[in-house]
Each structure stands twice: as C-alpha cells, then as structure tokens.
Amino acid sequence: MYTVNVLTLKPLAVRIPKEIEKEILEVVERAKLDKATVVRNLLELGIAEWRKQTALELLRDGKVTFAKAAEMAKLSLWEFADLVKQRNVEWVRFSPEEIEKELKEASAAKRK
Numbered sequence: 010m011y012t013v014n015v016l017t018l019k020p021l022a023v024r025i026p027k028e029i030e031k032e033i034l035e036v037v038e039r040a041k042l043d044k045a046t047v048v049r050n051l052l053e054l055g056i057a058e059w060r061k062q063t064a065l066e067l068l069r070d071g072k073v074t075f076a077k078a079a080e081m082a083k084l085s086l087w088e089f090a091d092l093v094k095q096r097n098v099e100w101v102r103f104s105p106e107e108i109e110k111e112l113k114e115a116s117a118a119k120r121k
C-alpha cells in the first residue's frame, strides 16, 4: 500500500526588486528548476533561518529556555546545541564566583 501526501499550495503575489529577481533567475538556471519551485525553496530556507535566528536571540536575551528555543527553531536539542556553538551565542550567565562555587560543589559531590 502506498501513502500519497498532497500539498495544498496557495498563490502569493509579491512585488520584488529587480536585483532579487536576478538572483532568483540565477538560482533557476543553476538548479535547473522552475521559478515557482525555486521561490518556494528559498522561502522555506529563509523562514528556517529566521526561526533559528529568532530562537538564538530569545535564548541569548534570557527570554526562553534552551529547550523552548530548540523547539522554536524546529531542531533537536543536539542540533540546536551545535547551532549555538557555531554561532558563538552566549546564553549561560554565571559570574566567575558562581562558576567556581558550582565547580567546587560538583567536585565535592563527586567525592561522596
């Protein structure tokens, strides 16, 4: 038995600058795809990047948890951790004293 997924596509009319149209046509030529498919693919890529960037900003600003940010970005926790590392996002805010205290407590707990 086969399962067929049917996408419902909605038309969308937008006005774009000539420079963006040139970029789209370049992608059409290189990818050997039709213009509509290229625009859909580029929109998907742009939205995915927007989700990641927004999640990283909210995480950095302390407005969401790591898990919530990963969910917003539509990534697994491991994929999101890699993204945080790649983009050098600082999201843990401990003072040097707090870090030292945590390390001492962890070390003491390990010895027990």
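Taken in order, the sequence shown gives residues 10 to 121; the numbers are from the numbering used here. Beta carbons: idealized from backbone N, C-alpha and C, even for Gly.
Distance between beta carbons of residue j and residue i, contact taken as under 8 Å
{"i": "ALA76", "j": "LEU65", "result": "Contact doesn't hold; Cβ gap of about 14 Å is too wide."}
{"i": "VAL36", "j": "LEU51", "result": "7 Å"}
{"i": "TRP100", "j": "ARG60", "result": "About 17 Å separates the two Cβ atoms, so there is no contact after all."}
Where the alpha helix (DSSP H) through residue i begins and ends
{"i": "GLU32", "result": "27 to 40"}
{"i": "MET81", "result": "75 to 81"}
{"i": "PHE89", "result": "86 to 95"}
{"i": "LEU67", "result": "44 to 69"}
From the options, residue whose alpha carbon lies closest to that of residue i
{"i": "ARG49", "options": "GLU38, ARG39, ILE33", "result": "ILE33"}
{"i": "ILE131", "options": "PHE89, LYS83, SER104", "result": "The first residue shown for the chain is 10 and the last is 121, placing residue 131 beyond what the model contains."}
Status (buried if at least 16 other CB within 10 Å, exposed otherwise) for residue i
{"i": "VAL15", "result": "exposed"}
{"i": "PHE103", "result": "exposed"}
{"i": "VAL7", "result": "Any question about residue 7 goes unanswered here, given that the chain covers just 10 to 121."}
{"i": "VAL23", "result": "exposed"}
{"i": "ALA79", "result": "buried"}
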